[in-house]
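Asks:
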Amino acid sequence: MPLSPEDSLRLNVLLRQDLQAVRIDESKMTVFALTEKGEAKVPLNPAGKDEAYLKEVRQLFSTHVLGSPGGYPVYLKRWTRMGQERSDESLQQLLLLGENEAVVAVVHAPGLTNELARRAWWITPNSENARRMLEKNDVVTGDMGPVLADFLVEFLPFEEDQQAMIDSVQLVLQPGLISAEQHQKLWDRGQRRTSFYIGFLKAVPDELPVQTTKHPEHDAIQKQLSPFLDKKNPVAEQLCRTLCAGGQAFLKTTQKVIKKLNNQDAAVALIEAIESYFQPLRPDTKRRRDINEIISDAETCCHGNSNSTEILKLDPAYHEKIKAMLILSMVSEQLLAPVFGQTDAIGSVMRKKIDHITTVMLEQLSLLQQ
1 MPLSPEDSLR LNVLLRQDLQ AVRIDESKMT VFALTEKGEA KVPLNPAGKD EAYLKEVRQL
61 FSTHVLGSPG GYPVYLKRWT RMGQERSDES LQQLLLLGEN EAVVAVVHAP GLTNELARRA
121 WWITPNSENA RRMLEKNDVV TGDMGPVLAD FLVEFLPFEE DQQAMIDSVQ LVLQPGLISA
181 EQHQKLWDRG QRRTSFYIGF LKAVPDELPV QTTKHPEHDA IQKQLSPFLD KKNPVAEQLC
241 RTLCAGGQAF LKTTQKVIKK LNNQDAAVAL IEAIESYFQP LRPDTKRRRD INEIISDAET
301 CCHGNSNSTE ILKLDPAYHE KIKAMLILSM VSEQLLAPVF GQTDAIGSVM RKKIDHITTV
361 MLEQLSLLQQ
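Just so we're aligned, residue 1 is where the sequence shown starts under the working numbering, counting upward by one.
Take a look at the structure:
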């Protein structure tokens with residue numbers, strides 16, 4: 001179906017301008033364009049079916065921008081979301097096609113800049129795009145960072161997907177994006193939606209906004225281990241980190257979340273937060289699928305790792321706490337895979353199915369607070 005003479009003229013005049021982004025409102029059959037001077041729009045007047053007419057419009061833009069009417073391969077959604085390396089010029093061109101899937105490719109691109117984020121946001125302002133853009137440092141440190149973060153904070157009450165909640169909270173907690181008041185409100189809402197707490201555990205594990213005192217023995221242990229701390233012994237550093245007020249807050253919050261887990265995505269994300277916190281002590285890259293294997297390997301590492309053994313020579317009483325940290329350092333998503341691969345259970349049923357794992361984790365978390 002050819003474009004009407006009137007639409008063809010208007011669109012070609014539009015294409016001669018210095019365009020920054022193009023958006024097509026299919027419900028209103030209107031083409032909007034972002035230029036240096038502001039917004040421009042061209043109402044469409046189709047003579048036949050809207051779908052076929054819009055295809056012609058997109059082919060016109062594609063021919064002008066890419067030199068081919070083929071446009072963006074919208075069917076390659078998985079490839080689009082893999083974040084392909086593209087030049088800045090290539091990303092700019094994708095924003096002129098009037099195709100939402102092309103915008104998705106832009107927001108996933110590693111080279112996304114603050115300016116391109118502004119243009120992409122003008123085209124398709126939704127929570128998924130906001131999250132992907134806040135994964136890029138240039139956007140976070142630019143003026144678009146707070147804009148996207150504010151949107152995600154406002155949208156959180158309407159977010160239903162657990163993983164999306166966790167990701168949103170984690171991303172908006174990056175430095176300089178939200179106010180202290182917003183920060184505290186997010187934390188307070190975690191009492192009703194523990195997925196918020198998981199976002200905090202992943203983003204700011206040492207700076208949780210909760211009043212907690214350091215371990216009673218923290219100062220004495222820090223003094224006793226000072227020779228090892230001076231040598232940057234990772235076991236000594238992690239133990240003192242865990243026993244300080246921030247570390248104790250991490251342990252208490254993690255315990256609280258474990259007891260209220262109600263979704264498999266949340267369980268995986270929490271495991272990732274624990275794994276990341278204790279990662280400095282992880283003895284290898286192996287992903288273990290059996291909690292008993294982890295317990296056994298942790299015991300072996302206590303006596304087979306020089307960083308642990310030199311502390312144990314000073315005082316064998318550190319054995320249980322070192323072992324607890326090693327156990328927690330070796331947990332990973334693979335630990336849950338044998339269970340979650342066989343069930344889609346949620347809530348209390350899910351908690352019962354992973355009880356053999358969470359019981360061990362809770363024991364280690366408690367031990368590090370004793």
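Virtual Cβ for every residue (Gly too), placed ideally from N, Cα, C.
Please read all numbers here as calculations on a predicted model, not as lab measurements.
Smallest Cα separation from A149: which of E160, Q162, A117 and V57?
Replies: Nearest option by C-alpha distance: A117.
Asks: Can you tell me which of V169, M1, L96 and T141 puts its alpha carbon nearest to the alpha carbon of L66?
Replies: Ranking V169, M1, L96 and T141 by Cα distance to L66 puts L96 first.
Asks: Buried or exposed: where does L44 fall if 16 or more other Cβ atoms within 10 Å of its Cβ makes it buried?
Replies: It counts as buried.
Asks: Which residues in the same chain have their Cβ closer than 6 Å to the Cβ of R189, if we skip the five residues on either side of it in sequence?
Replies: Counting only Cβ-Cβ distances below 6 Å, and skipping sequence neighbours, we find F196.
Asks: Whose CA, out of L3, Q184, V139 and N129, lies closest to the CA of A164?
Replies: Selected option, being the one with the closest Cα: N129.
Asks: Report the rounded CA-to-CA distance for R351 versus L261, giving the unit in angstroms.
Replies: C-alpha separation (whole angstroms): 7 Å.
Asks: Would you report the Cα separation of M361 and T63, rounded to the nearest angstrom?
Replies: C-alpha separation (whole angstroms): 58 Å.
Asks: Between A324 and I357, what straight-line distance do the alpha-carbon atoms span, to the nearest angstrom?
Replies: The alpha-carbon atoms of A324 and I357 are separated by roughly 14 Å.
Asks: Would you check whether the ligand ATP has a heavy atom nearer than 7 Å to the C-beta of R118?
Replies: Looking for the ligand ATP in the displayed structure turns up nothing, as the structure carries no ligands at all.
Asks: Counting only the same chain and skipping the five closest in sequence on each side, list residues whose C-beta sits under 8 Å from that of Y277.
Replies: So the qualifying residues of the chain are L201, P205, F250 and L328.
Asks: Which one of V172, D230, A109 and E181 has the shortest CA to CA distance from T141?
Replies: When only C-alpha atoms are compared, the closest one is V172.
Asks: Please identify the residue among D18, M144, P125 and L94 whose C-alpha is closest to the C-alpha of N114.
Replies: With distances taken between Cα atoms, N114 lies closest to M144.
Asks: With distances taken between CB atoms, is the gap from P234 to L186 smaller than 8 Å?
Replies: Not a contact, by the Cβ cut-off of 8 Å.
Asks: What distance in whole Å lies between the Cβ atoms of I311 and I295, which are believed to be in contact at a cut-off of 8 Å?
Replies: Incorrect: roughly 20 Å between the Cβ atoms, too far for contact.
Asks: Name the DSSP bridge partner or partners of K41?
Replies: K41 is bridged to F32.
Asks: If I follow the unbroken alpha helix (DSSP H) through D25, where does it start and stop?
Replies: Per DSSP, D25 belongs to no alpha helix (DSSP H); it is in the beta strand (DSSP E), L19 to D25.
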